[in-house]
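In our numbering, the protein residues as written are 3 to 769.
Ideal Cβ placement from N, Cα and C applies to all residues, glycine included.
Here the structure is a predicted model, which is why all the values come from computation and not from measurement.
Taking it in order: structure first as structure tokens, then the write-up.
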Amino acid sequence: MELGNIVDINQEGNLVEFRLEQSLAYIEFITESIVRIMVKSEDNYAISLLDINDSKIPVHIELVKSEDEIVLRTSKLIIKIMSDFKVDIYDKNGLLLCKDFRGKRTGIAGLDNESKMLLKKEGQDEGSSKESYKVEVIKSMEGDEFFYGLGEKTGFLNKKGYDYEMWNTDNPTPHVESFKQLYKSIPFLITLRSNSVFGMYFNNSYKTFYDLGKEDSRYYYFAANDGNLDYYFIYGSNMKEVIKNYTYLTGRASRPPMWSLGYHQSRWGYNSKKDIYDITMKLRKLRIPCDTIHLDLAYMEGCRVFTWNKNNFSNPKEFVKHLKDKGFNIVPIIDPGVKTEVGYKIYEEGKANQYYAETVKGEIYTNEVWPGEVAYPNFIDPEVRKWWGDHHKDLLDMGIQGIWNDMNEPASFRGAIPDDIIFKSKKRPLQHKEVHNIYGHFMCKATFEGVKKYTGKRPFILTRACYSGTQKYAAVWTGDNHSLWAHLQMSIPQICNLGLSGFCFAGADVGGYGSDVTDELLIRWYQVGCFYPFFRNHNTLASISQEPWSFGETTLNIIRKYIELRYELLPYIYNHFINQEQTGIPIMQPLVLQYENDAQVKELNDEFMLGENILVAPIVEQGKRCRLVYLPEGRWIDYWTGEEILGQQFMIKDAPLEICPIYIKKGSIIPMYKAMQYTGEEDIEELILKLYCDEGELIYYQDNGIDYAYEQGEYNMYKFVVEGNYLYADLLHKGYDKVYKKLKVIYKEKTYVVDFKIEGNIVKLRK
Ligand code: MIG
Numbered sequence: 003m004e005l006g007n008i009v010d011i012n013q014e015g016n017l018v019e020f021r022l023e024q025s026l027a028y029i030e031f032i033t034e035s036i037v038r039i040m041v042k043s044e045d046n047y048a049i050s051l052l053d054i055n056d057s058k059i060p061v062h063i064e065l066v067k068s069e070d071e072i073v074l075r076t077s078k079l080i081i082k083i084m085s086d087f088k089v090d091i092y093d094k095n096g097l098l099l100c101k102d103f104r105g106k107r108t109g110i111a112g113l114d115n116e117s118k119m120l121l122k123k124e125g126q127d128e129g130s131s132k133e134s135y136k137v138e139v140i141k142s143m144e145g146d147e148f149f150y151g152l153g154e155k156t157g158f159l160n161k162k163g164y165d166y167e168m169w170n171t172d173n174p175t176p177h178v179e180s181f182k183q184l185y186k187s188i189p190f191l192i193t194l195r196s197n198s199v200f201g202m203y204f205n206n207s208y209k210t211f212y213d214l215g216k217e218d219s220r221y222y223y224f225a226a227n228d229g230n231l232d233y234y235f236i237y238g239s240n241m242k243e244v245i246k247n248y249t250y251l252t253g254r255a256s257r258p259p260m261w262s263l264g265y266h267q268s269r270w271g272y273n274s275k276k277d278i279y280d281i282t283m284k285l286r287k288l289r290i291p292c293d294t295i296h297l298d299l300a301y302m303e304g305c306r307v308f309t310w311n312k313n314n315f316s317n318p319k320e321f322v323k324h325l326k327d328k329g330f331n332i333v334p335i336i337d338p339g340v341k342t343e344v345g346y347k348i349y350e351e352g353k354a355n356q357y358y359a360e361t362v363k364g365e366i367y368t369n370e371v372w373p374g375e376v377a378y379p380n381f382i383d384p385e386v387r388k389w390w391g392d393h394h395k396d397l398l399d400m401g402i403q404g405i406w407n408d409m410n411e412p413a414s415f416r417g418a419i420p421d422d423i424i425f426k427s428k429k430r431p432l433q434h435k436e437v438h439n440i441y442g443h444f445m446c447k448a449t450f451e452g453v454k455k456y457t458g459k460r461p462f463i464l465t466r467a468c469y470s471g472t473q474k475y476a477a478v479w480t481g482d483n484h485s486l487w488a489h490l491q492m493s494i495p496q497i498c499n500l501g502l503s504g505f506c507f508a509g510a511d512v513g514g515y516g517s518d519v520t521d522e523l524l525i526r527w528y529q530v531g532c533f534y535p536f537f538r539n540h541n542t543l544a545s546i547s548q549e550p551w552s553f554g555e556t557t558l559n560i561i562r563k564y565i566e567l568r569y570e571l572l573p574y575i576y577n578h579f580i581n582q583e584q585t586g587i588p589i590m591q592p593l594v595l596q597y598e599n600d601a602q603v604k605e606l607n608d609e610f611m612l613g614e615n616i617l618v619a620p621i622v623e624q625g626k627r628c629r630l631v632y633l634p635e636g637r638w639i640d641y642w643t644g645e646e647i648l649g650q651q652f653m654i655k656d657a658p659l660e661i662c663p664i665y666i667k668k669g670s671i672i673p674m675y676k677a678m679q680y681t682g683e684e685d686i687e688e689l690i691l692k693l694y695c696d697e698g699e700l701i702y703y704q705d706n707g708i709d710y711a712y713e714q715g716e717y718n719m720y721k722f723v724v725e726g727n728y729l730y731a732d733l734l735h736k737g738y739d740k741v742y743k744k745l746k747v748i749y750k751e752k753t754y755v756v757d758f759k760i761e762g763n764i765v766k767l768r769k
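As structure tokens, then:
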């Protein structure tokens, strides 16, 4: 894109406008650390479709103009703009963070038609040209970069050397590292350099392209053929601060209902109430903790949304209640496609109100998905969202509080949805090519708002497709993985990068969705999956069974132990979710988030942290019974043996089938519960504190885990301090009536049980 030289500049508050020979450009400060850089190329330049937090904090900008550059200085950043609008960004001390690349891209030319034809014969990839895009942001590669984020992309933690595309895609073949697209588009990239870190959020919902040094090691870029050059540069003094700033912009998840942090059991293939009753009875009988059962397509009448199958799921109200009484929540699947059937209530309502996406001729656009021919609700329109949200009422009245949104890329079986399909909007007419990536986002928003409105409780929404910001409404899973060791391995960097991209509440199908699992893979998967923020075993129709009992008693006993561990850790996990509301810091983290200066962890794919206190180094290879573990700085305690180990070293750890290596950072106080069969099984009167410290502190929250009463002060906040030979426990805020009655303190294999008093609890520890 030719911009020409700067002719004039003009500053108004946080906004600096640059008149260029061939365009208009803007640099706008959202905060001292977040700056939006835009070049207007379409009239819609400033109208963001997404609910980005653009509320500006007044920023003092010092503007200095010289012969060949303009310098903007805030208390955090120095931005130098060259006469041709190349932008270089430094920190306040003049350390270079990020520089626009000066040359032209080398590009990759596509093949000629003859070669393409040849490749096509066998169904091989024809490649595509990467010559130039209308919008390109090309940054100079200084050589010390590591790249993270970009949502759930395949491959490894560090994205350097790879290229990706943002175009929400439903592809059930095994996801491998050459995949460019998956279900989600999160155009947020973190660049970690030796002495600095920053993020860039590309505010362009069309199909976008990322190349992180694959085409040419001298630069990395993001690009699009439509929309505007519009991105936010997000600074932070460390990676956590970058994430905090990014989630300031795009939003954070509020605390989920406690039950949704328990174990979920699912399968496409639980085809009737009887199937579900059998599963739930077995779970309870075998004492496998579980809170939630997902209902896949079969519960509906021919996949018509908001209906129930009258034969196999008769009297759903009683069914849902019966399960609720046994401690199970039901999460039914809802796809966006509405069957275009005359007389079908949902379809007719939507049609009468023109709620569906339309062709250029103004007819309802249809394609094929599970119900057959379907129309696609236009979730961009707030009225459509309200209509859709309201239709959940019947489900919610039955006691349902969670909804599973699938196929919302949106998927289409009969060829791609054409670019020019129209989604009417008050802001401006929108075409599919601009809406595609944000379709799932707005579907989740509709669902979230409906569930919240009718239940008053915290909705649990699970989605497959989404965009930056959907974390405000939904948890995510990584779609149709397979029962492959490679997919168990990949789930770690995938969920870690989702976390770094603002999606704290994420998981992969435990056991793998497609293909057949083995008992060893299932065990190892539970040993990782019990730490996924979203913990669900889910399976496809065609595969062999993979419920915890599918491989006999020995396997079941190991799996049960890890599901129980999940339930024991719920207070720790929940507390993190509450803290995350203020920071956006994910709970399942790559080690690099905590130890960003440690060279050993920048590309560590097979270890992760659960919050800042627990390090997990699972076995993710077939046949392995021991592994190399890296522990970063500090002292660590082996969870299983209690042994104390000095960090910043590699060690070999034995890991027979029943052991997943887990380490607790010395200095930690881990809040725990006894394992229950489901989260509300009984009122918990005793909080367990495991002390892995001689000195330490924990701020810990407790609320009802269900609704928004905490916003009105109905929560308790505890402070636990270990110092000298004592543990001090205090209630800093008392607003929730179920204050714990007892504390069970576990320190070096000794257990102390004391009554908890509102004030002045002191436990003497025999050190
Ligand atoms: O591919 O609803 O990813 O979890 O079980 C079929 C049936 C459509 C895809 C989802 C999967 C779900 C399945 N759906």
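Tell me the rounded alpha-carbon separation between residue i and residue j.
i      : j      : result
Leu184 : Thr210 : 13 Å
Asn727 : Ile639 : 20 Å
Leu595 : Phe190 : 16 Å
Val724 : Tyr694 : 10 Å
Lys262 : Lys752 : Looking at the sequence shown, residue 262 is not Lys but Ser. Distance between the alpha carbons of Ser262 and Lys752: 33 Å.
Ser196 : Leu22  : 35 Å
Pro318 : Ile366 : 32 Å
Asn160 : Pro495 : 9 Å
Gly163 : Tyr456 : 48 Å
Lys341 : Lys744 : 55 Å
Ile295 : Asp392 : 23 Å
Ile560 : Thr171 : 36 Å
Glu14  : Tyr346 : 55 Å
Leu633 : Gly649 : 5 Å
Val202 : Glu609 : Per the sequence shown, residue 202 should be read as Met rather than Val. Approximately 26 Å between the Cα atoms of the pair.
Tyr92  : Ser77  : 12 Å
Gly6   : Val139 : 16 Å
Val344 : Lys454 : 31 Å
Val512 : Trp527 : 6 Å
Leu99  : Val199 : 8 Å
Gly514 : Trp169 : 24 Å
Can you name the residues that DSSP bridges to residue i?
i      : result
Val340 : Ala377
Phe425 : Leu432
Tyr703 : Met719
His438 : According to DSSP, His438 bridges with nothing at all.
Pro673 : Leu691
Val371 : Gly374
Pro334 : Leu297
Gly404 : Phe462
Ala226 : Val137, Thr210
Ile708 : Ile708 pairs with nothing; no bridge assigned.
Ile72  : Lys67, Ile83
Ala477 : Leu464
His1   : Because the chain in this structure spans residues 3 to 769, residue 1 falls outside the shown range and cannot be described.
Glu2   : Nothing can be reported for residue 2, as the shown portion of the chain is limited to 3 through 769.
Since residue i and residue j are thought to touch, with beta carbons under 8 Å apart, how far apart are those beta carbons, to the nearest angstrom?
i      : j      : result
Ala225 : Tyr135 : 4 Å
Thr465 : Asn410 : 6 Å
Ser207 : Glu566 : At roughly 43 Å, the Cβ-Cβ gap does not stay under 8 Å, so Ser207 and Glu566 are not in contact.
Gly253 : Gln473 : 6 Å
Val371 : Ala413 : 6 Å
Phe536 : Ala508 : 6 Å
Indicate whether residue i and residue j have their beta-carbon atoms separated by less than 7 Å.
i      : j      : result
Tyr237 : Ser35  : yes
Ile336 : Asn407 : yes
Ser131 : Gly112 : yes
Tyr234 : Arg538 : no
Arg387 : Ala448 : yes
Asn16  : Glu30  : yes
Lys655 : Val631 : yes
Lys284 : Phe315 : no
Does at least one heavy atom of ligand 2 sit under 6 Å from the Cβ of residue i?
i      : result
Gly481 : What this structure holds is ligand 1, not ligand 2.
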